[in-house]
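Chains as they are written, first to last, in my numbering: chain A, 246 to 594; chain B, 2 to 442.
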């Protein structure tokens with residue numbers, strides 16, 4: 246028997262309406278409110294053991310405390326799957342389902358399923374973190390929305406092959422994966438079909454929707470370079486020859502930080518590149534072509550720049566995903582800010 | 002230009018006394034075939050194997066696939082590569098279908114090499130598990146690159162081509178079981194029926210990223226890094242004018258067999274005169290410097306416009322840096338008023354959440370996606386391994402690793418493996434076979 250727990254707000258938890266919206270979290274054994282319908286839809290193999298109830302305002306204004314309290318309730322419970330809502334178009338309720346759903350997912354790594362209307366702001370806030378099914382605008386859709394959540398939950402726990410977000414009916418989580426078309430249609434056939442539609446002005450659906458661009462504005466110029474501390478950051482894979490941080494030659498997920506405070510230039514055989522995306526000969530012969538410490542030291546002596554930061558930072562750019570690159574950058578930036586670095590020379594290869 | 006491809010459908014391959022073909026049975030004299038392989042003194046060890054769909058055999062490191070062929074009127078199957086230069090795409094070429102020559106390193110692999118499972122759940126990841134294959138497993142004395150991550154694999158790739166020519170030659174005097182004819186009238190001499198249809202060019206971006214010669218695709222023996230976009234007849238591609246290189250992570254690679262059989266070209270031929278007027282191929286490339294990318298896009302758009310193309314299809318052999326060429330080319334074509342569809346694969350990362358191509362543009366509004374290089378694949382041990390399984394983890398495969406703190410090594414002690422799709426041999430089939438797509442979850 247698999248165990249499930251459901252989260253609902255004070256209204257559906259039969260505590261009360263708006264006047265009870267500050268209701269602090271409680272966990273009740275067994276089924277409360279919508280849990281009964283959910284249990285009916287889940288069938289005999291999955292048992293909802295508890296219902297968690299919390300006021301929408303309480304969750305909204307004491308989010309961290311509410312989440313911690315509820316996680317505390319759950320810590321000694323068996324959980325195979327977690328449900329929240331459905332929240333329909335109720336914004337605070339949707340957001341509450343999202344907050345607690347995300348926390349449960351992160352803490353217990355179990356599937357979390359909710360349902361919200363497309364106009365619920367909780368959708369955009371939490372669609373990346375949990376399964377949010379496309380739901381109705383009001384409680385009139387309760388039975389329908391719960392049915393979708395329950396069916397999907399049953400299939401996850403049975404280990405069924407799951408379809409894409411569109412096929413299953415939840416809001417896409419931003420995860421793109423390859424699938425085999427059934428029935429199979431070759432890429433060549435799909436190209437011709439799409440091309441003819443495009444030529445004749447008929448609607449077509451691209452297989453790679455272009456996401457919103459995440460453009461980074463160019464930084465303001467440094468006012469006085471002669472007083473500025475400048476750091477060198479590269480995706481060109483320059484590392485000490487023993488690659489102490491085991492940065493990968495391609496598809497990197499790691500970066501390294503290397504002390505150059507007593508170094509005037511990077512010597513070959515002391516530093517090398519581990520980047521697999523270009524011919525390494527030139528860089529191994531003279532690592533300064535990628536990490537131009539030699540020139541930076543000259544600028545430092547000439548007073549063109551204030552100081553070269555005591556460390557340079559390195560990773561490998563080839564095959565490295567935009568997501569991993571952004572994460573590594575966020576980690577490096579913290580370090581740069583702690584050291585009061587004013588400017589960065591970012592060297593790609 | 003008129004090309005006749007005469008086909009012989011191979012149903013079974015065996016070793017025997019005389020290399021010959023009869024009623025679907027391909028017999029290969031192993032020693033004679035190995036003598037052809039050993040013509041190059043750099044080949045130090047060589048052996049041949051036969052594998053067929055469903056066999057519990059894992060091949061790694063796979064370097065190349067070639068369809069055995071012969072020219073009826075004489076001349077090399079790969080002009081400028083395995084023999085003198087001559088015009089390809091004209092006359093009659095005979096091909097042994099449903100089979101390929103696969104070249105596998107006996108020990109050493111690299112960034113560009115791939116893996117094929119002929120049976121089991123891994124078989125679905127490559128096209129080549131559907132073919133009967135003559136597998137050349139060999140080693141060379143190319144010491145300079147033995148432990149390099151990037152290998153030219155010259156001796157092995159050329160041995161594969163010689164072997165494919167040798168095997169193909171056994172049907173030279175036979176009547177083919179089927180004749181496919183590929184013929185396009187010169188662009189200015191087409192019928193009004195053809196001219197009234199929307200016209201299309203196919204823009205190919207074969208792999209050309211390495212500045213050093215010896216790694217890139219070759220066109221009539223010429224390194225694609227050293228060329229500007231040019232106009233080609235589709236028959237030239239189908240008839241050996243271009244061979245695969247030895248650089249790109251393997252699932253994105255187009256093998257020589259892929260070029261010889263290019264499904265997108267054949268599909269355009271099917272539409273020609275019915276729904277489209279197939280003008281021909283603009284052969285571009287994927288050089289790494291920004292100026293080279295921009296220059297190539299300028300050439301492509303100008304050529305397409307001057308040819309009067311109403312529409313275009315752009316296909317890239319690669320991902321990552323080449324995405325910039327792919328998108329730049331689509332944008333240049335769209336800016337020239339040419340309705341364009343792109344054909345590519347994606348890299349969305351281990352968690353599937355990364356931007357799918359390194360550059361994007363809202364003008365690229367029609368893309369067919371053939372797969373995800375970064376998808377993790379876990380496969381059980383195989384009874385037989387041809388080549389060396391350790392190479393997948395040891396030799397810097399694009400989709401393999403010696404160790405990973407979460408996933409462990411790619412090659413486990415029991416022979417099971419975990420890898421990225423990146424190293425499935427020509428797995429994303431961007432040439433047009435792919436029945437994979439990408440969906441959001």
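Even glycine gets a Cβ: it sits at the ideal position worked out from N, Cα and C.
Going along the chain, which residues of the segment 494 to 511 of chain A sit with their C-beta nearer than 9 angstroms to a C-beta in chain B?
-> Listed by position along the chain: 494, 495, 496 and 498.
Contact set for residue 376 (chain A): own chain, Cβ-Cβ below 6 angstroms, skip 5 residues either direction | So the list reads 358 and 415, once near-sequence residues are dropped.
8 angstroms Cβ shell around residue 492 (chain A) - same chain, five flanking residues per side excluded = If we look at residue 492 (chain A) and ignore the five residues flanking it on each side, its Cβ neighbours are 482, 484, 499, 500, 501, 519, 559, 560 and 561.
Would you check if the segment 107 to 124 of chain B and the segment 387 to 402 of chain B touch, i.e. whether three or more CB-CB distances between them fall below 8 angstroms?
-> Touching, yes.
Measure from the alpha carbon of residue 434 (chain A) to the alpha carbon of each residue in B:47, B:11 and B:269, then state which is nearest.
-> The shortest C-alpha separation from residue 434 (chain A) is found at B:269.
Interface partners of residue 456 (chain A) on chain B, CB under 9 angstroms = What residue 456 (chain A) touches in chain B: 356, 357 and 361.
Cβ-Cβ distance between residue 356 (chain A) and residue 319 (chain A) below 9 angstroms = With a cutoff of 9 angstroms on beta-carbon distance, residue 356 (chain A) and residue 319 (chain A) are scored as not near each other.
Where the alpha helix (DSSP H) through residue 193 (chain B) begins and ends | Run containing residue 193 (chain B): 193 to 196, per the alpha helix (DSSP H) assignment.
The segment 299 to 308 of chain A / the segment 255 to 274 of chain A touching (three or more Cβ pairs under 8 angstroms) = Enough Cβ pairs lie closer than 8 angstroms, so yes.
Taking residue 345 (chain B) as part of the alpha helix (DSSP H), name the residues at either end of that continuous run.
-> Unbroken run through residue 345 (chain B) is the beta strand (DSSP E), 340 to 347; no alpha helix (DSSP H).
Which whole-angstrom value describes the C-beta separation of residue 326 (chain A) and residue 348 (chain A), a residue pair presumed to lie in contact below a C-beta threshold of 8 angstroms?
-> About 15 angstroms; that fails the 8 angstroms criterion.
Residue 299 (chain B) versus residue 222 (chain B) - alpha carbon distance | Those two C-alpha atoms are separated by around 25 angstroms.
Work out the CA separation of residue 312 (chain B) and residue 437 (chain A) for me, nearest whole Å.
-> Taken atom to atom, the span from the alpha-carbon of residue 437 (chain A) to that of residue 312 (chain B) is near 11 angstroms.
Please determine if the segment 446 to 465 of chain A and the segment 380 to 393 of chain B are in contact, where contact requires at least 3 C-beta pairs separated by less than 8 angstroms.
-> Output reads no: the segment 380 to 393 of chain B does not touch the segment 446 to 465 of chain A.
Can you name, in chain order, every residue of its own chain whose Cβ lies under 6 angstroms from the Cβ of residue 339 (chain A), other than the five neighbours on each side?
-> For residue 339 (chain A), where only same-chain residues beyond five positions count, the Cβ hits under 6 angstroms are 332, 361, 365 and 367.
Check the Cβ of residue 443 (chain A) against every Cβ in chain B and list those closer than 9 angstroms, keeping chain order.
-> Listed along chain B are 312, 340, 341, 342, 366 and 367, each with a C-beta nearer than 9 angstroms to that of residue 443 (chain A).
Would you mind telling me which residues of chain B sit closer than 7 angstroms to residue 437 (chain A), beta carbon to beta carbon, in chain order?
-> The answer, in chain order, is 268 and 272.
Establish whether the CB of residue 427 (chain B) and some CB of chain A are separated by less than 9 angstroms.
-> It does not: the Cβ of residue 427 (chain B) has no partner Cβ on chain A nearer than 9 angstroms.
What number of angstroms, rounded off, separates the C-alpha of residue 126 (chain B) from the C-alpha of residue 117 (chain B)?
-> Here the alpha carbon of residue 126 (chain B) sits roughly 8 angstroms from the alpha carbon of residue 117 (chain B).
Burial state of residue 472 (chain A) (16 or more Cβ within 10 Å) | Exposed is the label assigned to residue 472 (chain A), since fewer than 16 other Cβ atoms lie within 10 Å of its Cβ.
Chain B residues whose Cβ lies nearer than 9 angstroms to that of residue 320 (chain A) = Listed by position along chain B, the residues whose Cβ is nearer than 9 angstroms to that of residue 320 (chain A) form an empty set, because the closest Cβ is around 25 angstroms away.
Amino acids of chain E, ordered along the chain, whose beta-carbon sits closer than 8 angstroms to that of residue 424 (chain A) | In the displayed structure, chain E is absent; the protein chains listed are A and B.
List the residues of chain B whose Cβ lies closer than 8 angstroms to the Cβ of residue 528 (chain A), in chain order.
-> Within chain B, no residue comes near residue 528 (chain A); the closest Cβ sits about 13 angstroms away, beyond 8 angstroms.
Can you list the residues of chain A that residue 265 (chain B) reaches, using a CB-CB cut of under 8 angstroms?
-> Here the neighbours are 432, 433 and 436.
Taking only beta-carbon atoms, is residue 150 (chain B) less than 9 angstroms away from chain A?
-> Output row for residue 150 (chain B): interface = yes.
Identify every residue that forms a DSSP beta bridge with residue 206 (chain B).
-> Looking at the DSSP assignment, residue 206 (chain B) forms a beta bridge with B:317.
Which residue spans inside the segment 134 to 222 of chain B form an unbroken beta strand (DSSP E) run of at least 3?
-> The segment 134 to 222 of chain B contains these whole beta strand (DSSP E) runs: 179 to 184 and 200 to 206.
Apply the 10 Å Cβ neighbour rule to residue 95 (chain B) and answer buried if 16 or more other Cβ atoms are within range, or exposed otherwise.
-> Only buried fits residue 95 (chain B), as 16 or more other CB atoms lie within 10 angstroms of its CB.
Between the beta-carbon of residue 183 (chain B) and the beta-carbon of residue 236 (chain B), is there less than 9 angstroms?
-> In this structure, residue 183 (chain B) lies near residue 236 (chain B), with their beta-carbon atoms less than 9 angstroms apart.
Neighbour list for residue 370 (chain B) in chain A, Cβ cutoff strictly below 7 angstroms = Think of a sphere of 7 angstroms around the beta carbon of residue 370 (chain B): the chain A residues whose beta carbon falls inside it are 452 and 453, in chain order.
Any Cβ of chain A within less than 9 angstroms of the Cβ of residue 125 (chain B)?
-> With 9 angstroms as the cut-off, residue 125 (chain B) counts as an interface residue toward chain A.
Burial state of residue 145 (chain B) (16 or more Cβ within 10 Å) = Counting of Cβ neighbours within 10 angstroms places residue 145 (chain B) among the exposed residues, the total staying below 16.
Using a Cβ-Cβ distance under 9 angstroms, would residue 566 (chain A) count as near chain B?
-> Chain B has a Cβ within less than 9 angstroms of the Cβ of residue 566 (chain A).
Report yes or no: do three or more beta-carbon pairs, one from the segment 44 to 57 of chain B and one from the segment 186 to 199 of chain B, lie closer than 8 angstroms?
-> These segments do not touch.
For the putative contact between residue 98 (chain B) and residue 14 (chain B), defined by C-beta atoms under 8 angstroms, what is the C-beta separation to the nearest angstrom?
-> That belief does not hold up - the Cβ atoms of residue 98 (chain B) and residue 14 (chain B) are roughly 12 angstroms apart, past 8 angstroms.
How many angstroms separate the CA atom of residue 379 (chain B) from the CA atom of residue 153 (chain B)?
-> Each residue's Cα considered, the two are about 28 angstroms apart.
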